[in-house]
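Here's the structure, in structure tokens; my notes come after.
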Amino acid sequence: MNDPHAHLPDLSSPTTPDGFLLAHLAEETRRRARTARAPEATTAGADRDLLDALQSAVDDLAPTLLAASHDLSEHPEVSFEEHRSAAALADLVEARGIDVVRGAHGLATGLRAEVGDPDGPTIAVLSEYDALPGIGHGCGHNVIATAGLGAFLALASLGDRLPGRVVWLGTPAEEGGGGKELMAAQGAFDGVDAALMVHPFTYDIADPLFLGRRQLRATFTGVTSHASAQPFMGRNALDAVNLMYTGVGLHRQQMPATDRVHGVVTAGGERPNVIPEHAEMLFYLRSELPESLAVLSGRLADIARGAALMTGCGVELTWDEAPPYLPVRGNGPLAGAWTSRYGERGRTVLPPDVVPRMFAGSTDFGNVSYRMPGVHAMVKITDADLSLHTREFADAAVTEEADRVVVDAAWALAAVSADWLSDPELRRAAAEDFEAAGGAVDVPSYFGEDHA
Numbered sequence: 440m441n442d443p444h445a446h447l448p449d450l451s452s453p454t455t456p457d458g459f460l461l462a463h464l465a466e467e468t469r470r471r472a473r474t475a476r477a478p479e480a481t482t483a484g485a486d487r488d489l490l491d492a493l494q495s496a497v498d499d500l501a502p503t504l505l506a507a508s509h510d511l512s513e514h515p516e517v518s519f520e521e522h523r524s525a526a527a528l529a530d531l532v533e534a535r536g537i538d539v540v541r542g543a544h545g546l547a548t549g550l551r552a553e554v555g556d557p558d559g560p561t562i563a564v565l566s567e568y569d570a571l572p573g574i575g576h577g578c579g580h581n582v583i584a585t586a587g588l589g590a591f592l593a594l595a596s597l598g599d600r601l602p603g604r605v606v607w608l609g610t611p612a613e614e615g616g617g618g619k620e621l622m623a624a625q626g627a628f629d630g631v632d633a634a635l636m637v638h639p640f641t642y643d644i645a646d647p648l649f650l651g652r653r654q655l656r657a658t659f660t661g662v663t664s665h666a667s668a669q670p671f672m673g674r675n676a677l678d679a680v681n682l683m684y685t686g687v688g689l690h691r692q693q694m695p696a697t698d699r700v701h702g703v704v705t706a707g708g709e710r711p712n713v714i715p716e717h718a719e720m721l722f723y724l725r726s727e728l729p730e731s732l733a734v735l736s737g738r739l740a741d742i743a744r745g746a747a748l749m750t751g752c753g754v755e756l757t758w759d760e761a762p763p764y765l766p767v768r769g770n771g772p773l774a775g776a777w778t779s780r781y782g783e784r785g786r787t788v789l790p791p792d793v794v795p796r797m798f799a800g801s802t803d804f805g806n807v808s809y810r811m812p813g814v815h816a817m818v819k820i821t822d823a824d825l826s827l828h829t830r831e832f833a834d835a836a837v838t839e840e841a842d843r844v845v846v847d848a849a850w851a852l853a854a855v856s857a858d859w860l861s862d863p864e865l866r867r868a869a870a871e872d873f874e875a876a877g878g879a880v881d882v883p884s885y886f887g888e889d890h891a
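Take the sequence shown: its letters are residues 440 to 891, numbered as in this note's numbering.
Here it is as structure tokens:
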């Protein structure tokens with residue numbers, strides 16, 4: 440007898456996403472990169488003798504930095520639980536005679552150390568070291584941590600020749616916890632004039648696009664009832680979730696290309712024969728501008744209330760259980776300085792309009808960049824088209840190429856810091872660029888008390 444289902448494909452596993460678009464975008468990026476050049480430094484920067492001293496210091500530190508990077512990779516710890524990682528990094532700083540504040544700025548795994556003249560210009564170099572649940576360092580924070588650490592220790596080695604103050608901050612819980620914003624609320628960036636960090640990627644970019652991000656939890660309350668005998672006496676909270684999910688999907692037609700909304704159902708009932716009286720969803724909302732993120736927030740709130748009205752349910756909206764992330768605001772003069780110094784390592788840094796803008800995530804460094812001039816440079820650790828937040832990217836973060844990036848990025852972070860501290864013209868240009876972009880923003884209150 441013929442199988443009536445024989446014509447159907449094998450549905451025991453998902454289909455494989457077509458790689459055409461990624462390949463097309465990669466080829467377009469290569470084409471644009473052949474002719475594009477990122478802006479480079481336009482001011483004098485630090486003296487060559489100072490830069491040579493930093494080079495020598497980074498060379499001496501290299502074995503320590505690479506051992507630390509691999510150690511962090513082998514012992515990944517998730518947000519707010521980075522106790523071993525923080526202790527290992529702090530030990531390396533203290534081994535060089537520098538005091539470290541452990542549990543800095545209200546976070547048990549936060550770190551702070553500083554060197555130089557407290558009355559001089561002050562720049563911060565940041566390290567992240569949290570991993571992803573079940574994936575490990577799939578965002579390469581082992582590279583971020585050790586590159587930032589190496590830059591700080593190299594600058595510290597200058598001693599009295601350091602033309603200002605350098606603050607090193609170990610910032611936990613970037614992966615959704617908003618560690619930098621939590622530390623900022625406890626004074627981490629008070630008295631800091633600029634901030635630098637790097638992040639591993641598949642391209643070298645001085646001024647990448649990072650979207651702002653908020654969280655919305657929509658909790659619907661209905662009335663339970665027997666789903667067969669008396670369904671008319673119930674109010675189905677899962678129906679409200681279904682309508683909200685559908686409403687968000689329909690709203691995507693009107694969203695700008697760089698907006699993102701993605702959500703999951705975190706509660707939806709227990710048994711099919713009981714109408715659910717409790718259901719909820721958790722959404723991430725992302726947008727390119729703080730203003731457009733606020734608009735998107737309002738639309739999501741309206742959709743949730745509409746779903747409640749249609750189903751006769753109650754709804755409670757909970758915004759930002761972790762601090763919201765603002766987009767990263769670039770800084771032209773600092774990005775130019777990064778392009779020049781990282782270029783000295785044989786790297787070709789791409790302008791921001793070369794890599795497709797759809798390749799955009801979010802980071803709590805965005806909140807820092809709306810407080811002061813900053814650079815969040817992306818550093819290429821692999822030629823492969825690997826996605827962040829994957830096991831494959833975690834593997835790439837401990838290859839020989841990633842190790843070279845740790846050393847190169849440590850030197851470039853140290854060199855740009857020295858440029859900024861040494862060169863009043865660079866500091867002036869960076870400050871003017873920051874003010875022209877809108878100046879400092881009161882980040883904690885940006886979205887208002889009701890967060891909607």
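All C-beta atoms in this analysis are idealised placements derived from N, C-alpha and C, irrespective of residue type, glycine included.
Counting the other Cβ atoms within 10 Å of the Cβ of E466 gives fewer than 16, which makes it exposed. The Cβ atoms of D646 and G769 lie closer than 8 Å to each other.
The criterion of a C-beta distance shorter than 8 Å is satisfied by S808 and V767.
Shown here, I537 sits in coil according to DSSP, grouped into three states, outside any helix or strand. CA-to-CA, the gap between I644 and R744 works out to about 41 Å. A check of alpha carbon separations from V582 across L865, P883, T482, T821 identifies T821 as the nearest. Using a Cβ-Cβ distance cut-off of 8 Å, the region 610–626 and the region 559–569 are in contact, since at least three pairs of beta carbons, one from each stretch, lie closer than that value. Judged by DSSP secondary structure, E755 falls within the beta strand (DSSP E) whose first and last residues are 753–758. For V837, no alpha helix (DSSP H) segment is defined, and its DSSP state is neither H nor E.
Our two residues, S524 and D530, have alpha carbons roughly 10 Å apart in a direct line. In the DSSP assignment, the residues bridged to E719 are T658, A706. Annotation note: the region 541–597 contains the following uninterrupted beta strand (DSSP E) runs of length 3 or greater, listed N- to C-terminal: 550–555, 561–566.
Note that the C-beta distance between L852 and P602 is not below 8 Å. Beyond the five residues adjoining it in sequence on each side, F519 comes within less than 7 Å, by CB distance, of T548, P611, A612, G616 in the same chain, given in chain order. According to DSSP, residue pairing for Y764 in a beta bridge involves R652.
Annotated as proximal: D858 and A776, with beta-carbon spacing under 8 Å. Within a 10 Å sphere around the beta-carbon of H580 sit 16 or more other beta-carbons, which makes this residue buried. Taking 8 Å as the cut-off, the Cβ atoms of A841 and L504 do not count as close.
By the Cβ-count criterion, T454 is exposed, with fewer than 16 other Cβ atoms from all chains shown falling within 10 Å of its own Cβ. Apart from the 5 residues on each side of it in sequence, R786 sits with its Cβ closer than 6 Å to the Cβ of D643 in its chain, given in chain order.
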